[in-house]
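For the sequence shown, position 200 (counting from the first letter as 1) is numbered 199 according to numbering that gives the first Met the number 0, and the numbering increases by one without interruption. We put the beta carbon where it would ideally sit given N, CA and C, even for glycine. Please read these numbers as outputs of a predicted model, since none were measured by experiment. Structure first, then comments.
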Amino acid sequence: MFPFFSRSKMSDAPEVNPAPAKTQEPHPLDALTGGAFSAATSGERASRIREWLATQPAPEQLQEVFKELSGRDKGAARAVRERLDEIRRAKGQEAIAAEWADKAQALLAAPKLNIADAMAWQRDAAKAGAPLSREPLSLLKVQMADRVKVIEDLQHRVQVQREAAVLLAQRIEVLSTKPWRDAHAALELLRVDVARWQEQAQELTGDANWVSVEARFPPLLDASRTQLLVVWEAFQPAVAQAAAAAEDASAPLPPVPVWADELRAARGLPTEAAVAAAAAKPARAAKPKVAPEVVEKAVQVVREALTTLEKETAEGHGKASAGAAASLRAVLKVHGKHIDNVLEQQVHTALVAAGELEGWQRWSADQVREDLVAKAEALLNRPEGQALGGRKMQETLRNLRDQWKQADQGGAPNHALWKKFDEACNAAHKVVEAWLDKIRTEAAEHKAQRLALIEEVKAWAQEHAASTDWKGINRALYQFGDRWREGGHVGEKLFAELQPQWKQAIALAAAPLEAAQKDSLARRHAMIDEATTLGAAPTLRIDAVKALQQRWQAEAQSVPLDRKHEQKLWDAFRKPIDEAFNRKSADREKAATELSARDRAVLDASKALEAANATGDAQQIRAAVQALEAALRGQAQAAEAVATAQKAEAAQNAAAPAEQAGGGDAPVADADASGAAADGEAAAPVAAPVAPPKPARPVVAVRGDDRPGMKKDAPAAPGRGARPGDRRDGRPGDRDMGRGPRAEGRFGDRNDRGGRMGERPAHEDRGPRLGDAAFRAQRDAMEHAQLALKKLAAQAHGEILTQLLAAWDKRDPSQVPSAQDLGGRVTAPVRAAWAQALSAAPHGDASEALLRLEMAAEAPTPAEHIAARRMLQLQLLTRRNDPSPAQTWGQDAARVLASASDASSARRLQNVLKTLLRKQ
Numbered sequence: 000m001f002p003f004f005s006r007s008k009m010s011d012a013p014e015v016n017p018a019p020a021k022t023q024e025p026h027p028l029d030a031l032t033g034g035a036f037s038a039a040t041s042g043e044r045a046s047r048i049r050e051w052l053a054t055q056p057a058p059e060q061l062q063e064v065f066k067e068l069s070g071r072d073k074g075a076a077r078a079v080r081e082r083l084d085e086i087r088r089a090k091g092q093e094a095i096a097a098e099w100a101d102k103a104q105a106l107l108a109a110p111k112l113n114i115a116d117a118m119a120w121q122r123d124a125a126k127a128g129a130p131l132s133r134e135p136l137s138l139l140k141v142q143m144a145d146r147v148k149v150i151e152d153l154q155h156r157v158q159v160q161r162e163a164a165v166l167l168a169q170r171i172e173v174l175s176t177k178p179w180r181d182a183h184a185a186l187e188l189l190r191v192d193v194a195r196w197q198e199q200a201q202e203l204t205g206d207a208n209w210v211s212v213e214a215r216f217p218p219l220l221d222a223s224r225t226q227l228l229v230v231w232e233a234f235q236p237a238v239a240q241a242a243a244a245a246e247d248a249s250a251p252l253p254p255v256p257v258w259a260d261e262l263r264a265a266r267g268l269p270t271e272a273a274v275a276a277a278a279a280k281p282a283r284a285a286k287p288k289v290a291p292e293v294v295e296k297a298v299q300v301v302r303e304a305l306t307t308l309e310k311e312t313a314e315g316h317g318k319a320s321a322g323a324a325a326s327l328r329a330v331l332k333v334h335g336k337h338i339d340n341v342l343e344q345q346v347h348t349a350l351v352a353a354g355e356l357e358g359w360q361r362w363s364a365d366q367v368r369e370d371l372v373a374k375a376e377a378l379l380n381r382p383e384g385q386a387l388g389g390r391k392m393q394e395t396l397r398n399l400r401d402q403w404k405q406a407d408q409g410g411a412p413n414h415a416l417w418k419k420f421d422e423a424c425n426a427a428h429k430v431v432e433a434w435l436d437k438i439r440t441e442a443a444e445h446k447a448q449r450l451a452l453i454e455e456v457k458a459w460a461q462e463h464a465a466s467t468d469w470k471g472i473n474r475a476l477y478q479f480g481d482r483w484r485e486g487g488h489v490g491e492k493l494f495a496e497l498q499p500q501w502k503q504a505i506a507l508a509a510a511p512l513e514a515a516q517k518d519s520l521a522r523r524h525a526m527i528d529e530a531t532t533l534g535a536a537p538t539l540r541i542d543a544v545k546a547l548q549q550r551w552q553a554e555a556q557s558v559p560l561d562r563k564h565e566q567k568l569w570d571a572f573r574k575p576i577d578e579a580f581n582r583k584s585a586d587r588e589k590a591a592t593e594l595s596a597r598d599r600a601v602l603d604a605s606k607a608l609e610a611a612n613a614t615g616d617a618q619q620i621r622a623a624v625q626a627l628e629a630a631l632r633g634q635a636q637a638a639e640a641v642a643t644a645q646k647a648e649a650a651q652n653a654a655a656p657a658e659q660a661g662g663g664d665a666p667v668a669d670a671d672a673s674g675a676a677a678d679g680e681a682a683a684p685v686a687a688p689v690a691p692p693k694p695a696r697p698v699v700a701v702r703g704d705d706r707p708g709m710k711k712d713a714p715a716a717p718g719r720g721a722r723p724g725d726r727r728d729g730r731p732g733d734r735d736m737g738r739g740p741r742a743e744g745r746f747g748d749r750n751d752r753g754g755r756m757g758e759r760p761a762h763e764d765r766g767p768r769l770g771d772a773a774f775r776a777q778r779d780a781m782e783h784a785q786l787a788l789k790k791l792a793a794q795a796h797g798e799i800l801t802q803l804l805a806a807w808d809k810r811d812p813s814q815v816p817s818a819q820d821l822g823g824r825v826t827a828p829v830r831a832a833w834a835q836a837l838s839a840a841p842h843g844d845a846s847e848a849l850l851r852l853e854m855a856a857e858a859p860t861p862a863e864h865i866a867a868r869r870m871l872q873l874q875l876l877t878r879r880n881d882p883s884p885a886q887t888w889g890q891d892a893a894r895v896l897a898s899a900s901d902a903s904s905a906r907r908l909q910n911v912l913k914t915l916l917r918k919q
């Protein structure tokens with residue numbers, strides 16, 4: 000605004016030439032980093048550093064660049080520092096990886112690998128931070144897992160071979176109890192099975208990893224081989240000896256008792272049992288037979304063990320079925336000699352089925368365990384945003400461990416899979432531990448808050464011990480309760496300790512309010528008793544009720560109660576008062592609903608009108624309407640008196656014509672007097688007859704001044720003056736009293752006006768007011784009667800039009816309806832013209848006549864005749880003196896009836912006559 004100020008200040012200063020800017024020398028590391036040190040902004044410098052880091056610079060260069068850049072731009076130096084840390088960690092991990100790789104190679108190179116050592120290597124390497132997902136540890140980890148898997152498979156196959164050996168021995172034992180020919184037939188198949196079993200056992204012992212199998216498995220395999228070979232080597236010679244004895248009777252018998260007895264029977268010799276029985280017959284007294292109780296007990300014990308085994312086998316319990324099979328074998332050793340062959344066969348069948356189930360159960364249990372291991376490892380590898388919380392993780396881990404226990408119950412344990420599962424669960428349990436720590440911290444905070452709240456309630460109770468603001472105290476107690484409920488979660492044990500303290504403190508604070516509420520309840524019950532007394536009184540005292548209600552409201556405003564309890568008390572208080580008011584209202588309504596004689600007459604007439612409406616007869620409906628109107632006017636009981644009064648009035652009018660000219664209102668005055676007398680006698684049991692009101696005189700327009708008093712030959716009608724003080728004879732002191740009547744002036748004689756609205760008809764006496772039931776009944780009956788008459792009129796109108804159109808179609812004038820049926824719009828000449836038109840032969844064109852009829856009825860014209868109608872309208876505009884179509888519609892209808900009948904013309908004639916015949 001004032002530029003000269005700045006110039007004036009600098010006007011004395013000498014001009015100084017600015018020194019040229021000093022050029023900055025490039026940084027030595029600028030070329031190495033691609034211009035990062037000469038970048039203008041921090042973002043550009045960070046971008047160039049990232050581009051330089053992508054070239055994988057040496058650690059020495061990184062250290063030098065970080066040393067120079069950390070003092071200039073820490074944001075750009077962060078990327079360099081992260082790269083250095085990554086290189087440092089990589090070097091540390093390389094050393095750790097080399098150390099654990101050597102340990103793994105040593106374990107793999109050893110001829111005997113312990114599964115526990117392999118699992119411990121993986122666990123300890125992970126704890127030490129070794130990169131198990133990178134080479135070479137990842138490859139060593141896979142090799143270790145494969146080696147462990149092979150060893151576990153060998154151990155599993157040993158168990159399978161053991162069971163197979165037991166089954167083969169059982170088959171041989173079962174064959175030894177059957178005929179020797181069955182055993183001879185199964186000999187080749189058994190030989191093949193035993194040879195295959197020996198080959199599989201040899202493969203197991205010849206495996207390179209056999210030395211790594213746990214120490215308890217090789218003795219199991221050796222014992223199974225020894226047992227099977229002993230049985231097999233005894234079974235083969237016995238079968239061969241039985242076959243030789245069957246061919247040669249002199250050959251020795253086989254050592255198997257069943258086969259020897261069979262061969263003896265074939266040779267005709269007694270069996271060994273018979274010989275033994277004969278030899279022992281003398282000594283029978285010394286050695287008694289087996290008691291039946293012993294046999295029955297043996298059968299019962301064996302059957303119980305057999306039932307248990309079959310049940311466990313059917314339910315698929317591998318471990319339980321193995322125990323049940325062992326129990327059955329032990330029972331069979333003790334009681335096997337006392338059971339029959341059928342039961343023994345069932346026992347062997349159940350043992351075979353249990354052996355097959357146990358092998359399958361082990362495989363199935365391993366499959367379940369592998370699924371559980373996969374689920375446990377996936378707990379920490381969930382997608383981003385779907386990680387489980389602490390409680391959910393705890394429940395999931397608990398469920399997984401329970402499922403593992405169930406899998407162990409159904410088969411032999413698998414220690415390798417258990418270690419993997421346990422490690423995965425322990426890693427996932429860290430989330431649960433963090434959550435539990437958080438819960439404990441929050442519980443401690445919530446405990447402190449609740450203890451502080453208890454102390455606050457105690458202090459508040461001491462402070463407000465003498466207060467009488469019961470509403471404020473109640474509000475504060477509710478607020479304390481809300482704060483206690485929202486105090487946060489604490490453990491059940493801690494809550495059980497805090498809850499009694501809270502109840503004691505809140506009870507101490509609420510004691511004054513509870514005492515006041517107890518006194519208030521006593522007062523309210525007293526008021527309820529008082530209300531009951533007032534309601535039961537024969538006369539309801541409104542003032543006492545109002546005072547009692549005000550006392551109740553004051554009590555309710557001063558001492559608050561529980562909402563539900565207070566509502567129950569209020570209902571009990573208002574119940575007797577409401578009943579008293581309802582009783583009073585019922586008495587009032589009962590008195591109001593008592594029907595009078597006039598209401599009863601109106602109800603009877605309304606019922607008669609409804610019955611007439613149901614008949615559909617117009618004459619009956621009109622007669623019933625007239626009867627109802629007479630009942631409404633109080634004339635139903637005096638119809639004859641009404642007729643007599645009308646005849647007397649007619650005679651009086653004929654006898655005194657002069658009186659009508661001198662004072663036209665005398666009859667009216669008499670009628671008024673008689674009406675007054677009738678009103679005075681309205682309290683009598685039977686109402687006096689009331690004369691029907693005279694119909695209002697129609698107004699007829701005449702030329703000249705036809706106002707009252709303007710005609711010379713007619714006197715002015717008496718009536719009230721325009722103002723309250725105007726009278727015909729005047730009052731003393733009136734300014735016009737001595738002048739006589741005013742001369743006719745511009746507005747005539749104002750004193751002779753009949754009031755502001757001219758002559759008024761006499762006031763119609765409607766009688767006393769109807770009751771509600773009678774009024775509604777007569778209103779509904781009248782409405783139904785009007786609807787029925789309208790419906791009958793429309794129906795009759797349609798029938799007349801149909802009859803007229805039928806007469807036109809048949810050219811029969813005798814079918815033309817009468818003038819009375821056609822209505823007042825059709826005069827006798829018009830009907831005669833229609834009949835004459837129908838009596839002659841059809842002639843002429845009815846198009847113009849139909850157009851005129853449609854114009855008279857203001858009915859629409861078909862689309863094909865609209866142009867003709869417009870042309871006719873233009874022609875009628877030029878004929879000003881011709882009558883309009885509305886005046887000549889009768890003649891136009893005769894012209895239409897004189898023409899030939901067709902469907903289109905009949906429809907058009909029917910549409911226009913519907914309207915024209917209804918017009919009044």
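- In the structure shown, T54 adopts coil according to DSSP, grouped into three states.
- A residue is called buried once 16 or more other Cβ atoms fall within 10 Å of its Cβ, and M870, having fewer, is exposed.
- Shown here, K177 sits in coil according to DSSP, grouped into three states, outside any helix or strand.
- By the 16-neighbour rule on beta-carbons within 10 angstroms, S249 is exposed.
- Here the C-alpha atom of D603 lies approximately 9 angstroms from the C-alpha atom of Q777.
- For Q503 and V456, the gap between their C-alpha atoms comes out near 10 angstroms.
- Between the alpha carbons of L83 and L138 lies a distance of about 28 angstroms.
- Per DSSP, reduced to three states, the secondary structure at I150 is helical.
- Between the alpha carbons of A264 and A241 lies a gap of roughly 13 angstroms.
- Per the C-alpha coordinates, the member of E295, E162 and E394 positioned closest to A222 is E162.
- By the criterion of a C-beta distance shorter than 7 angstroms, A839 is surrounded in its chain by A897, once the five residues flanking it on both sides are discounted.
- The closest CA to that of R768, considering only R474, L305, R122 and D598, is found on D598.
- In the displayed model, L769 falls within coil according to three-state DSSP, outside both helix and strand.
- Apart from the 5 residues on each side of it in sequence, G33 sits with its Cβ closer than 7 angstroms to the Cβ of R47, E50 and W51 in its chain, given in chain order.
- Listed in chain order, the alpha helix (DSSP H) elements of length 4 or more contained wholly in the stretch 64-123 are 73-108.
- For the pair S41 and G70, the CB atoms are not nearer than the 7 angstroms cut-off.
- Pairing T395 with A352 gives a Cβ-Cβ distance that is not under 7 angstroms.
- A distance below 8 angstroms between beta-carbons, with the five flanking residues on each side excluded, links A433 to the following residues of its chain, in chain order: G389.
- Counted as a single uninterrupted DSSP element, the alpha helix (DSSP H) harbouring Q500 occupies residues E491 to A535.
- Under the 10 Å beta carbon count, R851 is surrounded by 16 or more other beta carbons and is classified as buried.
- Burial is judged here by how many other beta carbons sit within 10 angstroms of a residue's own beta carbon; G843 has fewer than 16 and is exposed.
- Between the beta-carbon of L308 and that of A349 there is about 5 angstroms, and that keeps the pair under the 8 angstroms contact cut.
- Counted as a single uninterrupted DSSP element, the alpha helix (DSSP H) harbouring Q549 occupies residues I541 to S557.
- By the beta-carbon neighbour count (other beta carbons within 10 angstroms, threshold 16), A447 is exposed.
- If you check the CB distance, G480 and H445 do not come in under 7 angstroms.
- In the DSSP assignment, I338 falls outside any alpha helix (DSSP H) and carries neither an H nor an E.
- With fewer than 16 neighbouring CB atoms inside 10 Å of its own CB, D468 falls in the exposed class.
- Of R906, T176, E863 and M854, the smallest CA-CA separation from P884 is found for M854.
- Taking a C-beta distance under 7 angstroms as the contact criterion, A893 and A832 qualify as a contact pair.
- Between S211 and K111, the gap from beta carbon to beta carbon is short of 7 angstroms.
- Between the stretch 202-217 and the stretch 149-159 there are three or more inter-stretch CB-CB distances shorter than 8 angstroms, so the stretches are counted as touching.
- Between the alpha carbons of G889 and P816 lies a distance of about 15 angstroms.
- G322 sits in a helix when the DSSP states are folded into three classes.
- DSSP, read as helix, strand or coil, puts R381 in coil.
- Cβ-Cβ distances below 7 angstroms link V829 to G889 in the same chain, with the five nearest sequence neighbours on each side left out; the list follows chain order.
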